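Going by the UniProt record's numbering, the final residue of the sequence shown carries number 264, and the count climbs one at a time with no gaps.
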Amino acid sequence: MLSKKPLESNSTGLDYEVKMSKVEANNKPARSGNASIGKHGLHSSNGVYELLECLVCTNLMYPPIYQCPNGHTLCSNCKLKVHNTCPICRYELGNIRCLALEKVAESLEVPCRYQKLGCHDIFPYYSKLKHEQHCRFRSYNCPYAGSECSVTGDIQTLVDHLKDDHKVDMHDGCTFNHRYVKSNPHEVENATWMLTELRQFCLHFEAFQLGTAPVYMAFLRFMGDEKEAKKFSYSLEVGAHSRKLTWQGIPRSIRDSHRKVRDS
């Protein structure tokens, strides 16, 4: 069992010990594979892609697609941003739909935007957005609990980021001991530790005010998707003043924000 040396303190304040008793797999990992979610087919040509790019935001357009009298097209969001005036020829846009381009889009099959991250499936044009909202290869948000960090990336990128930029303590193995000494129980603070044993977990300890009373909370999040998180369980023990509280649970995925997990 790995342990961390107690933090030195001359205070007579609260003395808590957070103990990660065990992290274990609930079952054998499922065999990996790229299951097809959408239709497979040929990628559309760059020329058609260019036709479907909005002239203002350059994102791919989805119905309703609008056009000016001279045939310049843009998406519905940008139509509002340019105050109904074509950004190319300055003609008034009106409410002319480019039905031909919308029809062309129906016949296309396009790759997921997370193709470079490992998703190699091809989807009908109008199914692409729905898939990308739940694609298991989409980027993760930084799980650090101490700030609203805007960094995103794959798991390895975030592990390196937590270690290098947030100075998170890294611990190898499935067990973890930490002595936490708090000099002032009314001070609000939090801490994040990383546990690694083939997979990565974030152990969060947080102190905050609930009314006039200080509240101390600890929970575990899995560095991966929800389905993978459910394959593991953990036992967490907190002790102070000769008392001990132990509970078990299933880690939440870092897809769920720190605030969402804490508030639940």
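Where a beta carbon is used, it is the ideal one built from N, C-alpha and C, also for glycine. Since this is a predicted model, take the numbers as computed values, not measurements.
Can you check DSSP and say which residues form a bridge with residue i?
i, result
"Q133", "DSSP, once it has assigned bridges, lists no residue as partnering Q133."
"P214", "Q209"
"E109", "P124"
"Q67", "T73"
"Y144", "Answer is none; Y144 lacks a bridge partner."
"M170", "M194"
"N80", "Looking at the sequence provided, one finds Leu at residue 80 rather than Asn. Per DSSP, none; premise fails for L80."
"E92", "T85"
"G153", "Y140"
"Q200", "T196"
"L158", "None, per the DSSP bridge assignment."
"E50", "Paired residues: none, contrary to the question."
What does a CB cutoff of less than 6 angstroms around residue i pick up in its chain, not counting 5 residues either side in sequence?
i, result
"H161", "V151"
"M61", "L52, C54, C75"
"H258", "A145"
"H166", "Y144"
"P63", "E102"
By Cβ distance, which residues of its chain are closer than 8 angstroms to residue i, with the 5 residues on each side in sequence left out?
i, result
"G249", "F219, L220, S233, Y234, L236"
"D225", "R136, S253, R255"
"N95", "Y66"
"N84", "E92, L93, G94"
"L245", "E237, V238, G239"
Could you give the distance in angstroms between the alpha-carbon of residue i and the alpha-carbon of residue j?
i, j, result
"L108", "Y125", "5 angstroms"
"residue 299", "T192", "The structure shown has nothing for residue 299, since the chain only spans 1 to 264."
"Q156", "C89", "47 angstroms"
"M217", "V238", "10 angstroms"
"N59", "Q133", "16 angstroms"
"Y144", "N70", "50 angstroms"
"W247", "L117", "36 angstroms"
"L203", "V110", "39 angstroms"
"C142", "C149", "6 angstroms"
"P251", "K230", "7 angstroms"
"E228", "C68", "49 angstroms"
"D172", "D164", "17 angstroms"
"M170", "R243", "28 angstroms"
"C119", "E106", "21 angstroms"
"S127", "V261", "30 angstroms"
"H178", "N77", "51 angstroms"
"V215", "S264", "14 angstroms"
Between residue i and residue j, is the Cβ-Cβ spacing less than 8 angstroms?
i, j, result
"residue 271", "K81", "In the structure as shown, the chain starts at 1 and stops at 264, and residue 271 therefore has no counterpart that could be examined."
"L101", "L51", "yes"
"F201", "M223", "yes"
"S139", "D121", "no"
"V168", "V104", "no"
Rounded C-beta distance between residue i and residue j? I'm assuming under 8 angstroms.
i, j, result
"C98", "C75", "Not confirmed; about 11 angstroms, so no contact."
"L158", "F176", "With 8 angstroms as the limit, L158 and F176 do not qualify as a contact, their Cβ atoms being about 19 angstroms apart."
Taking 7 angstroms as the cut-off, is the C-beta of residue i nearer than that to any heavy atom in the ligand NAD?
i, result
"H204", "The model depicted lacks the ligand NAD and carries no ligand whatsoever."
Kindly list the residues whose CB is nearer than 7 angstroms to the CB of residue i, restricted to its own chain and excluding five residues on each side of it in sequence; keep chain order.
i, result
"P87", "L55, V56"
"H72", "L55, C86, I88, C89"
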